[in-house]
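Step one of this worksheet: look at the structure below.
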């Protein structure tokens with residue numbers, strides 16, 4: 002086996018091991034740590050860049066293997082056809098059972114399939130990382146919106162409680178305090194109503210956005226699970 006094919010074999014084995022580790026069942030905390038490392042580590046970013054250059058090398062190697070395999074298959078078909086012709090005409094000088102061309106054809110096919118599957122696994126791992134990145138971003142957005150929604154909800158509850166306390170304490174106040182001009186009282190009431198309406202609208206908008214991101218998160222998580230099951234099925238079938 003040539004050096005490029007040996008490198009392709011080592012890369013293929015490494016890709017299969019990494020993919021099997023990623024699809025193994027593990028605790029949520031461990032999976033979250035691995036996911037953050039894959040999506041945020043500068044080491045993985047450097048490896049992804051190197052993998053993209055390696056992808057070009059493997060693509061050229063695959064084209065070369067495919068061309069060589071196609072050429073040998075065509076030559077073997079011509080030899081078999083020529084041997085069949087001479088056999089019909091009584092000439093047994095053509096040997097159609099030569100093992101050396103068969104072995105070369107086998108090695109060419111092996112190299113083509115090996116390099117092709119290495120390319121396929123590289124695409125799978127790159128797409129797997131992209132799905133993980135989308136999943137992590139969606140989780141962060143959902144967590145941020147959850148905190149914002151809880152904060153706005155507390156503010157609205159505090160504002161409503163203060164308004165209720167003020168309304169309950171108004172009858173017990175002295176006449177000098179409660180004798181507020183009508184225009185000032187109306188202005189205060191209008192201001193409180195506007196603030197309450199604004200907080201309610203903001204809380205409703207945040208809640209709607211929270212629901213939308215939750216649906217998006219569930220969709221991405223389902224896509225991630227289906228992709229993982231599909232790739233695991235491909236690995237099992239290949240074994």
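In my numbering, the protein residues as written are 2 to 240.
Glycine residues also receive a C-beta, built at the ideal position from the N, C-alpha and C atoms.
Keep in mind it's a predicted model, so treat the numbers as computed, not measured.
Query                                                                                                                                                       : Result
Give the C-beta separation of residue 124 and residue 40 to the nearest angstrom, bearing in mind that I take them to be a contact with Cβ-Cβ under 8 Å.    : In fact, because the Cβ distance is near 18 Å, the residues do not count as touching under 8 Å.
Is the CB-CB distance between residue 126 and residue 20 below 8 Å?                                                                                         : yes
On the DSSP letters alone, give me the boundaries of the alpha helix (DSSP H) that residue 5 sits inside.                                                   : 4-24
For residue 188 and residue 143, what's the separation of their Cα atoms in angstroms?                                                                      : 38 Å
For the candidate residues 197, 120, 121 and 118, whose alpha-carbon lies nearest to that of residue 155?                                                   : 197
Run through DSSP, which three-state label would residue 215 get?                                                                                            : helix
List the whole-angstrom C-beta distance separating residue 77 from residue 106, where the pair is believed to meet the contact cut-off of C-beta under 8 Å. : 6 Å
Using the Cα positions of residue 65 and residue 228, report the straight-line distance between them to the nearest angstrom.                               : 31 Å
Do you know how far the Cα of residue 9 is from the Cα of residue 104?                                                                                      : 20 Å
Report yes if the C-beta distance between residue 29 and residue 139 is below 8 Å; otherwise report no.                                                     : no
From residue 195 to residue 222, what distance separates their C-alpha atoms?                                                                               : 40 Å
Would you mind working out which of 18, 161, 23 and 3 sits nearest residue 62, comparing C-alpha positions?                                                 : 3
Compare the beta carbon distance of residue 115 and residue 67 with 8 Å and say whether it is the shorter of the two.                                       : no
Among residues of its own chain, excluding the 5 on either side of residue 6, which ones have a beta-carbon nearer than 6 Å to its beta-carbon?             : 112
If you compare alpha carbons, which of 199, 192 and 129 is closest to residue 153?                                                                          : 199
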